[in-house]
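Input: a single structure, listed below in structure tokens.
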Amino acid sequence: MDRLVFLLGTGVARGTVLALFALSLVLIWRATRIVNFAAGAMAVVGVYVGVAVTGATGSWWWGLVATVVAGGLLGFVVERGVLRFASARSPLSGVILAIGLVVVLQSLLGIVFGQEHEPVQPPFSDRPLQVGGVPLLSPYDLFVVVVALGLLGALRLLFVKTSLGLQLRAAAFEPEVSRLLGVRVARMRTVGWVLAASAASLAALLAVPNELGLNPHAADMLFVSAFTVAVVGGLDSPGGALLGGLTVGVVTSVVTGYLGATLAPVAVLGLLAAVLLLRPSGLFAQAEARRA
Amino acid sequence: MNARRTLLLAAGGLVLAIGATFLLDPFRNYQLALVAAYLCATAGLTVLVGLSGQLSLGHAALMAAGGYGYALTVNALTGAGVDGVGRFLGGIVGAVVVSGVVGLLLGLAGARLHGPYLAGLTLTLVVAVPAVAASVPALQGDRGVRTAFDGVPAPLRSLIALEQWQAWVALAVAAVAVTGLVLLRDGRAGLRMRAVRDDEVAAALAGIAPARVKVLAFVASAVTAGLGGSVLVFVTQSVSPGAFPLGLSLLLLVAVVVGGLGSLLGAALGAVLVVLLPWLVGTVTDALPLPDAVVQRLDGTLASLVFGVLLIALVAGAPGGLAGALTAARARRRARRAAGGAGGRRRTRPSRGGAAAAPPTGDPSAPARPATPTPTPSTPREPVRTPTEG
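From first to last, the protein sequence lines stand for chains A and B. The first sequence begins at 113 in this note's numbering and counts up by one. The second sequence begins at 624 in this note's numbering and counts up by one.
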């Protein structure tokens, strides 16, 4: 029972990070109708920058700032430099460009930093706190939950309460009409990419201390899980991302705890397949109009 | 192209390729066998993506399915005392069955999903391969399964080396796989796939069942990828999850796009690139005076960097890929030759036109037109507007 509580706790911590990463996919999907398959590789670039800055300044917080800034910059460069070649007619070209980006970024990281798993220390202790004699969450997990939830809340406020958020939503939802009403649609798209890439980089930075370590492929599994989260929640639904993140986080944590870490990808695959076969557009997405 | 002509061409091409193995040294023959193995997978992938419009990032997993199917069947047959050709064919059947079943399941999912959802599902599948191998005891986890050694058959032993024999087998399997795909593409099924790819609703209105067509495309693609996997296992005598990583899946997609989506010639070019480019890059970095640590870092990564840049450049600049660029270049050349002939005739009159001058205004020949694959050579001789001319 204690073990289950502990696993649920770490599952929730992992789930909020996944939700943050999945939110990045949702943001880009809503803004451009592209699933950013390069999100993982882009986030890892941000984490490498952050870890380098932490090493140079000795402060984890500067590393965090650097990660967010580097992620945002990369998002800007990618949107303006690469993804604008995606053709609107073929939905595949965006995916293929993103795959090209993954290959380029991962091989560049491999050339510059090598393929070794570099352990990353969390800024706080990752030893679980005892709550009523039951090991529950480590201070680091708690920090992760607070940061991720805080960011999710801030993004929600940005989208719902501010003029920029309204413009972002309008540009994503109805680009033509928004343009006529004076919204700079191209700029909104870029802003969406920058926000999404920063969020993904931050999520990856938070997740890395709990993983094997930092290497160019460190975010592959994170991306796959986040994609599952986005699908479970519905690619169009930011609220679904949180619920989906908690679901996937708890499922992988429980499977890892009881059946072994090697089985976690199988559990994710099973969950993804089940959701896709039962509700192809996600559990929380609004029903789409019939196509045929 | 009718079926008999396709079969004759395939047989001729196979004989030529087998003849060519006598000109190659053992290492080149080994590379040729790898090219043939990857060709099976890229050909299947190009038909799936180019013809039916479904994107799979999981073809490495399908190759793994074929490889494990082959290895397990071969080991079972070895246990039962079968060997030689019977064992190999049995292994191939095993590969076809296993990869076909996995492909059928994915295809059933793919028929309900579109675009990014299917891509994500297949991506998850390929990430889960090591986990599946670790969780099923018969697959022996990361160590993988070793198979018995298939040497050169006794009658040929004095003639050819092992690598050459492996290249023959690989080429034969690839020929069967590619011929099957050509027949599929040129037949009724291929037409239906293109119809579904271009407009699913219109295809359904025309009496085509889109789901069935998509599943068929996925199964065909999976079976050929599985054949490729079994050839890899035949050549290396072992199969392990490490041989089919996510990177291979992405590389196959890169190869297919670089070659030109939907083109089997492009798939062949892509397969050659997948094998030769890393080797070429490795030779160059070994030749350069670099420290060992740098060479080790560049090993593999530099080649994939080239692949990635090539992919982005091609999608941005030449969506037809290498095969598309070849076709366009051929059409341009033919058009230029036709134009040059017409210009030459006119230049017998004293005129101000140099050799590089633009064709005379009345010339209806090609450079201004979009390059078509088959410009008829006779067009310059038929000035359409003779009645009004002069």
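Heads up, the beta-carbon is just placed ideally off N, CA and C, and yes, glycines get one too.
Using CA atoms only, rank isn't needed, just tell me which of the options is closest to residue i.
i, options, result
"alanine 734/B", "Val705/B, Gln789/B, Gly689/B, Gln677/B", "Gln677/B"
"alanine 379/A", "Val124/A, Phe118/A, Thr340/A, Tyr252/A", "Thr340/A"
"leucine 925/B", "Gly226/A, Gly304/A, Val189/A", "Gly226/A"
"valine 232/A", "Trp172/A, Ala338/A, Leu280/A, Ala178/A", "Trp172/A"
"leucine 875/B", "Gln860/B, Ala826/B, Ala958/B, Leu892/B", "Leu892/B"
"threonine 144/A", "Met300/A, Val363/A, Val320/A", "Met300/A"
"leucine 326/A", "Gly123/A, Gly262/A, Gln218/A, Gly193/A", "Gln218/A"
"phenylalanine 645/B", "Gly774/B, Gly636/B, Ala784/B, Leu736/B", "Ala784/B"
"leucine 213/A", "Leu741/B, Gly713/B, Leu828/B, Gly931/B", "Gly931/B"
"alanine 812/B", "Leu839/B, Val799/B, Asp822/B", "Leu839/B"
"leucine 383/A", "Ala373/A, Thr364/A, Thr374/A", "Thr364/A"
"leucine 220/A", "Ser199/A, Leu263/A, Ala153/A, His229/A", "Ala153/A"
"alanine 210/A", "Ala951/B, Val918/B, Ala936/B", "Ala936/B"
"leucine 334/A", "Arg192/A, Ala282/A, Ala151/A", "Ala151/A"
"leucine 276/A", "Gly304/A, Ala131/A, Val161/A, Gly351/A", "Gly304/A"
"leucine 139/A", "Gly346/A, Ala373/A, Ser290/A, Val165/A", "Gly346/A"
"asparagine 652/B", "Leu949/B, Glu786/B, Arg953/B", "Glu786/B"
"alanine 134/A", "Thr359/A, Gly372/A, Val295/A", "Thr359/A"
"leucine 381/A", "Thr747/B, Leu741/B, Thr629/B, Asn625/B", "Thr747/B"
"valine 929/B", "Val897/B, Leu913/B, Gln919/B, Val918/B", "Val897/B"
Which residues in the same chain have their Cβ closer than 6 Å to the Cβ of residue i, if we skip the five residues on either side of it in sequence?
i, result
"alanine 683/B", "Val749, Phe867, Leu871, Ser872"
"valine 904/B", "Leu925, Ala926"
"arginine 975/B", "With a pLDDT of only 42 at arginine 975/B, under 50, the local geometry of the prediction cannot be trusted, and no value is derived from it."
"glutamate 823/B", "Pro833"
"alanine 643/B", "none"
"glycine 162/A", "Gly175, Ala178, Thr179, Leu317"
Within the same chain, show all residues whose beta-carbon is closer than 7 Å to that of residue i, passing over the 5 residues directly before and after it, in chain order.
i, result
"arginine 115/A", "Gly369"
"valine 180/A", "Ser310, Ser313, Leu314"
"isoleucine 641/B", "Trp791, Leu794"
"leucine 647/B", "Leu655"
"valine 320/A", "Val159, Val232, Leu326, Ala330"
"isoleucine 831/B", "Arg815, Ala818, Val819"
"valine 129/A", "Val256, Ala260, Ala315, Leu318, Ala319"
"alanine 894/B", "Val658, Tyr661, Leu662, Thr665, Ala878"
"alanine 298/A", "none"
Near residue i, what residues of its chain come up, given a Cβ to Cβ distance below 8 Å and the 5 sequence neighbours on each side ignored?
i, result
"aspartate 765/B", "Pro753, Ala756, Ala757, Ser863, Pro864, Gly865"
"leucine 887/B", "Ala666, Thr669, Val670, Val801, Leu804, Val805, Arg808"
"valine 246/A", "Asp114, Val117, Phe118"
"phenylalanine 711/B", "Val697, Asp773, Val792, Phe857"
"aspartate 922/B", "Gly905, Thr908"
"glutamate 288/A", "none"
"serine 861/B", "Ala694, Gly767, Val768, Arg769, Thr770"
"glycine 730/B", "Lys837, Val838, Leu839, Ala840, Phe841, Val842, Ala845"
Spell out the partners DSSP gives residue i in its beta bridges.
i, result
"leucine 326/A", "Glu230/A"
"glutamine 111/A", "Look at the range of chain A in this structure, 113 to 404, and you will see that residue 111/A is not part of it."
"valine 749/B", "Note: valine 749/B sits in no beta bridge, so no partner."
"valine 862/B", "Val768/B"
Report, in whole angstroms, the separation of the C-beta atoms of residue i and residue j, which I expect to be a contact under 8 Å.
i, j, result
"threonine 745/B", "glycine 803/B", "Contact doesn't hold; Cβ gap of about 22 Å is too wide."
"tyrosine 693/B", "isoleucine 715/B", "7 Å"
"phenylalanine 841/B", "glycine 673/B", "That pair is no contact at about 14 Å."
"proline 235/A", "leucine 248/A", "Incorrect: roughly 19 Å between the Cβ atoms, too far for contact."
"valine 257/A", "valine 124/A", "7 Å"
"glycine 883/B", "alanine 664/B", "Glycine 883/B to alanine 664/B, Cβ: 16 Å. No contact."
"alanine 376/A", "valine 367/A", "6 Å"
"arginine 142/A", "alanine 284/A", "5 Å"
"glycine 222/A", "isoleucine 146/A", "That pair is no contact at about 25 Å."
"leucine 736/B", "leucine 137/A", "With a Cβ gap of about 16 Å, leucine 736/B and leucine 137/A do not count as contacting."
Is residue i close to the ligand GDP? I mean its beta-carbon at under 7 Å from any heavy atom of the ligand.
i, result
"alanine 210/A", "Questions concerning the ligand GDP fall outside what the structure shown contains, since it holds no ligand whatsoever."
Residues of the region 215-231 of chain A whose Cβ lies closer than 7 Å to any Cβ of chain B, in chain order: Residues passing the 7 Å Cβ filter: Val215, Val216, Ser219, Leu220, Gly222, Ile223, Gly226.
At a CB distance below 7 Å, what residues from the region 760-780 of chain B approach chain A? Give them in sequence order. none
Contact list for the region 709-740 of chain B against chain A, Cβ threshold 9 Å: Leu728, Leu731, Ala732, Arg735, Leu736, His737, Gly738, Pro739, Tyr740
Name, going along the chain, the residues of the region 911-932 of chain B whose beta-carbon falls closer than 7 Å to a beta-carbon of chain A. Here the close residues are Arg920, Leu921, Thr924, Leu925, Ser927, Leu928, Phe930, Gly931, Val932.
Residues in the region 789-808 of chain B having any Cβ partner in chain A nearer than 9 Å: none
The region 167-195 of chain A: positions lying closer than 8 Å to chain B by Cβ: Val194
Which residues, taken in chain order from the region 654-667 of chain B, show a beta carbon closer than 7 Å to some beta carbon of chain A? Listed in sequence order: no entries.
Taking a cut of 8 Å between CB atoms, which residues from the region 678-691 of chain B lie near chain A? If you check each beta-carbon in the region 678-691 of chain B against every beta-carbon of chain A, the ones closer than 8 Å belong to Leu678, Leu680.
Contacting positions in the region 824-845 of chain B - beta carbon closer than 7 Å to chain A: Taking 7 Å as the upper bound on Cβ-Cβ separation, chain A lies near residues Val824, Ala827 of the region 824-845 of chain B.
Name, going along the chain, the residues of the region 307-327 of chain A whose beta-carbon falls closer than 8 Å to a beta-carbon of chain B. none
Within 8 Å of chain A by C-beta, residues of the region 743-754 of chain B in sequence order: Gly743, Leu744, Leu746, Thr747, Leu748, Val750, Ala751, Pro753, Ala754
Using Cβ-Cβ distances below 8 Å, what residues of the region 378-391 of chain A are close to chain B? Val378, Val380, Leu381, Leu384, Ala385, Leu388, Leu389
Would you list, in chain order, the members of the region 861-876 of chain B that have their beta-carbon closer than 7 Å to a beta-carbon of chain A? Leu869, Leu873, Leu876
Got a sec: which bits of the region 125-143 of chain A sit with their beta carbon under 7 Å from any beta carbon on chain B, in order along the chain? Answer set for the region 125-143 of chain A: empty.
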